[in-house]
Every structure is written in C-alpha cells, then in structure tokens.
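Q:
In my numbering, the protein residues as written are 108 to 215.
(1) Can you tell me whether residue 198 is buried or exposed, with buried defined as 16 or more other CB within 10 angstroms of its CB?
(2) With DSSP run on the structure shown, which of helix, strand or coil describes residue 202?
(3) Quick one: using the 10 Å Cβ neighbour count with 16 as the cut-off for buried, is residue 257 buried or exposed?
(4) To the nearest angstrom, how far is the alpha carbon of residue 172 from that of residue 152?
(5) Short check: CB of residue 170 to CB of residue 181, under 8 Å?
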C-alpha cells in the first residue's frame with residue numbers, strides 16, 4: 108500500500124476543491140460563504156489559500172465539512188481526479204471530450 112505524506116494529501120484535496128469550485132461556477136468568496144454556513148471554523152479565503160501553499164493542514168472535521176458543501180463523500184476529496192475537466196464523472200447523459208468518460212442518461 109502506497110503511503111501518501113500529509114502535505115501531498117492536502118495538495119490533492121486543495122486541487123479537488125479548486126476543480127469542484129470552478130465546475131460549480133463558485134468564486135472563492137462564495138465557497139467561503141458556503142463553508143461558513145456549514146460550520147467551517149475559518150471565516151475567510153485566506154484559510155483555503157494557506158492549505159494550498161502548505162502553511163496549514165486540513166483537519167478531519169474540515170474534510171467532513173468540505174464533503175458536505177460539495178455533496179460528496181469526504182474521502183473522495185483525497186483521491187486524485189482521473190480527469191481535471193470532468194473529475195472522472197461528466198454530467199448524466201454526456202461524455203467528457205478530454206478523457207472520454209461518459210455517463211448514462213437518467214430517466215425520471
């Protein structure tokens with residue numbers, strides 16, 4: 108089993124946060140507002156920036172809040188995406204032009 112250093116893992120999480128934020132069309136300010144509403148302990152975007160540049164690490168509680176805000180399982184934020192364009196999962200019924208992944212169209 109490959110062991111990942113904490114700084115490497117934090118960088119993966121930060122990368123995933125950035126990709127998901129942009130995919131949703133959120134600014135950093137909007138992300139911080141959503142995190143604040145969900146109980147994030149830091150009230151400004153500097154906390155996110157400090158994660159990105161390695162000046163602070165992520166707590167398990169913060170990872171759980173991030174999962175809640177992005178509506179994903181917290182552990183999934185620690186996995187490098189298979190594709191930066193679609194994060195490995197394009198919208199239902201679409202195919203990703205970057206990696207070729209596709210998903211079945213859902214019917215209601």
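Even for Gly, the Cβ is constructed at its ideal location relative to N, Cα and C.
A: So, to answer that:
(1) In the chain shown, counting from the first residue as 1, residue 198 sits at position 91. Classification for residue 198: exposed.
(2) Translated into positions along the chain shown, residue 202 becomes position 95. Judged by DSSP in its simplified three-state form, residue 202 adopts strand.
(3) Since the displayed the chain opens at 108 and closes at 215, residue 257 lies outside it and no answer follows.
(4) The count along the chain shown starts at 1 and reaches residue 172 at position 65. The count along the chain shown starts at 1 and reaches residue 152 at position 45. Cα to Cα, residue 172 sits roughly 15 Å from residue 152.
(5) In the chain shown, the residue the question calls residue 170 occupies position 63. In the chain shown, the residue the question calls residue 181 occupies position 74. Result yes, Cβ atoms of residue 170 and residue 181 sit closer than 8 Å.
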